[in-house]
Amino acid sequence: MTASSAETKVTILVDNEAQEALIPEHGLSVWIEAPGEQLLVDTGQGPALARNASELGVPLSSVKRLVLSHGHYDHTGGVPEVLKCAPTARVYCHPGSVSARYSIRGELPKPIGMPAAARLALESLPAGMLHWTTRPVGLGDGVGITGPIPRLTDYEDTGGPFFVHPESRHADPIDDELALWVRTDDGLVVVVGCSHAGLINTLRHAQRVAECPRIHAVLGGFHLLEASEARIERTVEALAEMQPDLVAPCHCTGSRAVDALKAALAQRVQPGLAGATFTFGAPVGPWVEGFGETPAGVHA
Ligand SMILES: [Fe+2]
Ligand SMILES: [Fe+2]
0 MTASSAETKV TILVDNEAQE ALIPEHGLSV WIEAPGEQLL VDTGQGPALA
50 RNASELGVPL SSVKRLVLSH GHYDHTGGVP EVLKCAPTAR VYCHPGSVSA
100 RYSIRGELPK PIGMPAAARL ALESLPAGML HWTTRPVGLG DGVGITGPIP
150 RLTDYEDTGG PFFVHPESRH ADPIDDELAL WVRTDDGLVV VVGCSHAGLI
200 NTLRHAQRVA ECPRIHAVLG GFHLLEASEA RIERTVEALA EMQPDLVAPC
250 HCTGSRAVDA LKAALAQRVQ PGLAGATFTF GAPVGPWVEG FGETPAGVHA
């Protein structure tokens, strides 16, 4: 599966739902191929990734960059497999992504942080290959990472009972969440992991960081599974105002939100399941200095 010289090809490798012959798994992994870029955003929990990638003709050995949207297990469990296949891949993630974190429903805390094997694989990377990302980073011409996403809307939150400690009940702000953007002639293509910062906060931050007001497409988990009707309504309204050409809800978006998106955006909403492929224009550079300068010590 190769992108032509004039396009960006996005393939969903792991999702809660999958096309026939692929393994569905609660998690997300998205493959992005563009001129000069072979990039994986997230890895799912692990088991589905290698099989689905092979079935879809995506050699994990060709991963040049691995971007982790945040440290939850369903996005990072496949890190050891990816780094085994692609030992020279550069990895980008926020330092907070390796922290312990829990989801607590009822009395039983469930650890949902990055698995120990994934943390170890990151720690074992040679110097210079692991890029802790605490600010917007340009990866190449027309491709970048948002860095931490400001929480500016009054109707979005992390979307679940997330905590940093199994007993203290201190809320987890999931401030390691980041998104990937590709700037094309048609506008931004934004790939989100779980949107724990809020989908609208994420898109607006990507617009600022990439210095591109137009959202062409957004793909990934919108985490509206447990959202109130009011939040879903306001999210869909704000998204519709951005007039995206393609919205591919995946993973943790939830069927109520998908239905609301379809009602507002009709055929511009496409199913974001494993095996789905989307083609966009090639990334358009250059990386613009300014709001998101590349931090010292972090090299694209
Ligand atoms: Fe997730
Ligand atoms: Fe998550």
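Take 0 as the starting number for the sequence shown in numbering that gives the first Met the number 0 and just add one per residue. Heads up, the beta-carbon is just placed ideally off N, CA and C, and yes, glycines get one too.
Selected residue, minimal CA-CA separation from residue i, among the options
i	options	result
Glu225	Tyr91, Ile173, Thr157	Thr157
Thr252	Glu232, Cys193, Gly35, Leu238	Cys193
Ala229	Arg255, Pro149, Val40, Gly284	Arg255
Ala262	Glu236, Gly43, Gln206	Glu236
Pro79	Pro110, Gly56, Leu124	Leu124
Glu6	Val13, Gly35, Leu67	Gly35
Leu177	Gly284, Met113, Gly280, Pro147	Pro147
Val40	Asp244, Gly77, Pro46	Gly77
Val29	Pro285, Arg100, Phe277, Arg267	Phe277
Gly220	Thr10, Ala20, Lys8, Leu27	Leu27
His195	Asp184, Pro149, Leu238	Pro149
Gly137	Leu129, Val208, Asp174	Val208
Ala120	Leu151, Asp175, Thr75	Thr75
Ile173	Leu272, Ser167, Ala281, Gly159	Gly159
Pro282	Leu55, Arg118, Leu179	Leu179
Ser167	Ser102, Leu187, Arg134	Ser102
Ser68	Cys84, Gly95, Thr234, Pro86	Gly95
Leu260	Ala275, Leu238, Gly127, Leu272	Leu238
Leu107	Glu32, Ser227, Val189, His164	His164
Reduced DSSP category for residue i - H, G, I as helix; E, B as strand; rest coil
i	result
Lys261	helix
His204	helix
Arg134	coil
Val268	strand
Leu129	strand
Arg64	strand
Ala256	helix
His298	At His298 the pLDDT is 36, less than 50, meaning the model places this residue with poor confidence and gives no usable figure here.
Gly95	helix
Ile199	helix
Leu59	helix
His69	coil
Gly289	Caution applies to Gly289, whose pLDDT of 42 falls short of 50 and renders its modelled position unreliable; the model cannot decide the point.
Segment limits, beta strand (DSSP E) that includes residue i
i	result
Ile144	142-144
Arg89	89-92
Leu48	Taken as a continuous stretch (DSSP letters only), Leu48 belongs to no beta strand (DSSP E), being part of the alpha helix (DSSP H) at 46-54.
Ala183	Note on identity: in this sequence residue 183 is Thr, with Ala being the wrong assignment. Here the beta strand (DSSP E) through Thr183 covers 179-183.
Val78	Careful: Val78 lies outside any beta strand (DSSP E), inside the alpha helix (DSSP H) at 78-84.
Residue i - partner residues in DSSP beta bridges
i	result
Ala17	Ala273
Gly280	Glu6
Leu218	Val190, Ala247
Glu32	Lys8, Gln37
Pro110	Tyr101
Ala170	Phe162
Gly139	Val142
Range of the contiguous alpha helix (DSSP H) that encloses residue i
i	result
Ala115	115-122
Arg230	228-241
Tyr72	72-75
Residue i at chain D interface by Cβ criterion, 8 Å
i	result
Pro58	No chain D appears in the structure shown, which is made up of a single protein chain.
- prompt: Could you name the residues, in chain order, whose CB is less than 5 Å away from a heavy atom belonging to ligand 2?
  reply: His71, Cys193
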